[in-house]
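K.L.:
Residue numbers (the numbering used here): 96 to 184.
Glycine included, C-beta positions come from ideal geometry on N, C-alpha and C.
Sharing a structure, written as structure tokens. Questions coming.
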């Protein structure tokens with residue numbers, strides 16, 4: 096006699112420990128072999144904005160106007176290139 100509890104083909108339907116908003120998101124590669132270019136550019140621009148903002152404020156506080164303007168130029172360039180690459184896509 097074989098009971099239903101011993102059936103190894105039955106799949107357990109236990110709830111996931113993670114909420115649906117984490118488990119239902121698409122992967123960063125969107126099912127392709129290459130990474131998502133706009134997402135990578137947006138991430139790089141966000142990182143450049145964060146680092147550039149800190150460098151800009153520190154440079155202004157320490158009196159380095161040239162380095163502050165240089166960091167501002169780099170941030171604007173990174174964000175501008177992100178918009179240009181997104182527009183060209």
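I need the DSSP call for residue 145, collapsed to helix, strand or coil.
P.N.:
Residue state, collapsed to three classes: helix.
K.L.:
Would you mind reading off the limits of the alpha helix (DSSP H) that contains residue 175?
P.N.:
That run of the alpha helix (DSSP H) goes 160 to 183.
K.L.:
When you compare each of 139, 136, 143 to residue 168 by their alpha carbons, which one comes out closest?
P.N.:
Cα-wise, what sits closest to residue 168 is 143.
K.L.:
To the nearest angstrom, report how far apart residue 147 and residue 136 are at their CA atoms.
P.N.:
C-alpha separation (whole angstroms): 16 Å.
K.L.:
Using beta-carbon positions only, say whether residue 173 and residue 134 come within less than 8 Å of one another.
P.N.:
Taking 8 Å as the Cβ cut-off, residue 173 and residue 134 do not qualify as a contacting pair.
K.L.:
Skipping 5 residues on each side, what residues in its chain have a beta carbon closer than 6 Å to that of residue 163?
P.N.:
Result list for residue 163: 151, 154, 155, in chain order.
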